[in-house]
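Residue numbers (numbering that gives the first Met the number 0): 0 to 551. In what follows, a structure is listed as structure tokens, so that the remarks can point back to it.
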Amino acid sequence: MDSSTIFPRRPLGSPLACFKSLVIIASFLTLVQFALPHVMAPKGFTLLAALAVSGGTTGSSGGAANATGDIDLSWHAPAQTEVNNLTAVINSKGVWGFIYDTSETPDDKYGQYNWCNMPHVRKTEYLQPSDEYELKYVELVHRHHKRTPYVLNAFPVEPYQWNCDDQGLFYYGEPFSSRNKPAKMYWKVYISPVNPFVPVGWIGTCQFPQITAQGLDDSWLHGADLYGVYHDLLGLLPSRDAVNSPDWHRKVKYRVTNNQITSQVAGMVVNGMWATTDSLQLSTQAAGVDSLEPQYSCPAGASLFNRIKSASNAAWAQHLAAAGPLYEALDDISGVPADDGGFHTSLDRYYDNLSARQCHDKPLPCKLVDGVNSTTCVTQDLVDAVYRLGHWEYSQIYRDAPDSLAASVATWGVWIAELAAHLRAVIKGESETIYFHNVAHDGSVSRLLSILQLDHMVWPGMGSEVVFELYKKKAVDGGNPPAPATTSVVVAPGAGAGESGWYVRVLWSGQVFKSSNPTLGLMDMIPVETLLAYFDGLVGENASLVKGKCSA
0 MDSSTIFPRR PLGSPLACFK SLVIIASFLT LVQFALPHVM APKGFTLLAA LAVSGGTTGS
60 SGGAANATGD IDLSWHAPAQ TEVNNLTAVI NSKGVWGFIY DTSETPDDKY GQYNWCNMPH
120 VRKTEYLQPS DEYELKYVEL VHRHHKRTPY VLNAFPVEPY QWNCDDQGLF YYGEPFSSRN
180 KPAKMYWKVY ISPVNPFVPV GWIGTCQFPQ ITAQGLDDSW LHGADLYGVY HDLLGLLPSR
240 DAVNSPDWHR KVKYRVTNNQ ITSQVAGMVV NGMWATTDSL QLSTQAAGVD SLEPQYSCPA
300 GASLFNRIKS ASNAAWAQHL AAAGPLYEAL DDISGVPADD GGFHTSLDRY YDNLSARQCH
360 DKPLPCKLVD GVNSTTCVTQ DLVDAVYRLG HWEYSQIYRD APDSLAASVA TWGVWIAELA
420 AHLRAVIKGE SETIYFHNVA HDGSVSRLLS ILQLDHMVWP GMGSEVVFEL YKKKAVDGGN
480 PPAPATTSVV VAPGAGAGES GWYVRVLWSG QVFKSSNPTL GLMDMIPVET LLAYFDGLVG
540 ENASLVKGKC SA
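Given below as structure tokens:
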């Protein structure tokens, strides 16, 4: 073909010249590919901002990882243990050495499951990280401590009273801008000799529920132990002399739910930590939207949980059938009608009623005949069977059922997003808070264990605690933080292992958390990018995915 003025023919160069030209072109394209995203990125675009983008893809409970394949968002079954083996649960005796009759766990057995007062972080057992890590922030959530049963969990007629004359529940308001001060007033329940209407279930001077005097003491010790670790041992918390100062308020936060029992616990925890009786703030979200309890409306999440606890779940139906003889024996003694759905859709109500008695050294109930105790009583074998089945149920609801992750993510995803926001704010230097303490419920803690995919699920007992510790790796000789020794840990898309130098350790009952999800694994100094990408993939940054999951 002849040359034209538009595409003039040029003589071919040597092979070496062609090779050089290709190298130059490839180098230019690589430079453009690298530079363009940074040139076009908005001001302040950082690694954490990249996480928000890359973590926005979510998978279903049975799906694969997100679009990059780096972060596994799928549900992974927990380990097979005596707790979630229904045959073993039905045929066993005892409760695997778990404690149900005292708040005191011997020092040589501390860490053992104690329903009345679960193990938590304390100096004696605390495993300090390497000196190369500096603790920057702690956020923890724990269940309230031991209490009276809920009124719905009482038998139609209880065989004895339950009184709380050894404590006071104080209820009063105080104007901040007035010289007028309130008297410290507390409630005391009484039975009127004139009122012909008698309460169903428990009779006495307690609220049902309320934290008992023993539960308040457990709360105080919990606070003292936390201060012993995070002030005395690690030096994170301010000194007690600083309590209630402006600096203290910027650094230390406490949050409770709308249920008053969490505030009862928080008051004792705060005094155990800070040795103060000053008036201090407890943060709480509005009723009906609280993310900690949780209370926000989530029909789709509730539907998933209901499906797990229904006859459509073969495992659930099988366990109720296997529990039939146990129900018959308990119903005969308690007087609970066999068609009472609240008591017979799960063992939850019997569990709460009986465990509360044993934790407070009260006798197991006997059958009432003409208003008098008979010799037909609940035996320890019956109670132990209730406890074993209760643990099986919680494992099924929150871990074993494939829908459990999706249900928990939908119904507790807002709190997860709040935690992620707190971590980001600390990393960016936008928050002075160093300690955030949440007092919640078993439903709160169970959902968190579900989202983190605890490898060995149990029913979280009184005071059950999960702690998130955020560390920054110290620089070497004044330089940048060193890369970790291994790169086997999955990190956020586009980020090198430990690129930011920030790491998270998660503790459950005072020990390092073990997840069934391979992305999380043993949660001991995992790059914060990994955890944030996992959270973002499930709930979205700032909970952007939660409303959609709740209405799906």
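For every residue, glycine included, the Cβ atom is placed at its ideal position computed from N, Cα and C.
Taking all protein chains shown into account, Tyr229 has 16 or more neighbouring C-beta atoms within 10 Å of its C-beta and is therefore buried.
Secondary structure within the stretch 230-283: the alpha helix (DSSP H) runs of 4 or more consecutive residues, fully enclosed, are 245-250 and 259-273 (chain order). In the DSSP assignment, His436 falls within the beta strand (DSSP E) that extends over Tyr434 to Ala439.
Scanning Thr276, Trp414 and Phe534 for the CA closest to the CA of Arg254 turns up Trp414.
In this structure, DSSP gives Tyr189 a state outside helix and strand, which the three-state scheme calls coil.
In this structure, Lys145 places its C-beta atom within 8 Å of the C-beta atom of Cys115. Excluding sequence positions up to five before and after Cys365, its CB lies within less than 8 Å of the CB of Pro158, Ile332, Asn372, Ser373, Thr374, Thr375, Cys376 and Val377, all in the same chain and listed in chain order. Counting along the chain, Phe534 sits inside the alpha helix (DSSP H) bounded by residues Val527 to Val538.
Straight through space, the alpha carbons of Phe512 and Glu292 are spaced by roughly 22 Å.
A direct Cα-Cα distance of roughly 30 Å separates Glu528 from Gly227.
A straight line joining the alpha-carbon of Ala301 with that of Leu353 spans about 27 Å. With fewer than three CB-CB distances shorter than 8 Å, the stretch 79-90 does not count as touching the stretch 530-538.
Sequence-distant Cβ neighbours of Arg121 in its own chain, meaning closer than 6 Å and more than five residues away, are Asp224. Taking the Cα positions, Asn90 is about 12 Å away from His318. Look at the beta carbons and you see the stretch 316-330 not touching the stretch 127-134: under three pairs across the two are nearer than 8 Å.
In the DSSP secondary-structure assignment, Leu521 is bridged to Lys513.
The beta-carbon separation of Tyr112 and Phe207, rounded to 25 Å, does not stay under the 8 Å limit for a contact. By the criterion of a C-beta distance shorter than 6 Å, Lys473 is surrounded in its chain by Glu131 and Glu133, once the five residues flanking it on both sides are discounted. Within the same chain, and ignoring the five residues on either side of Trp201 in sequence, the residues whose Cβ sits closer than 8 Å to its Cβ are Thr147, Pro148, Val150, Ala153, Glu157, Gln160, Trp161 and Phe207. Ranking Ile450, Pro298 and Thr344 by CA distance to the CA of Trp315 puts Thr344 first. Nearest to Gln263 by alpha-carbon distance, out of Val425, Arg142 and Val505, is Arg142. Taken through DSSP and simplified to helix, strand or coil, Arg142 comes out as strand.
Within the model, the alpha-carbon separation for His455 versus Pro77 is close to 6 Å.
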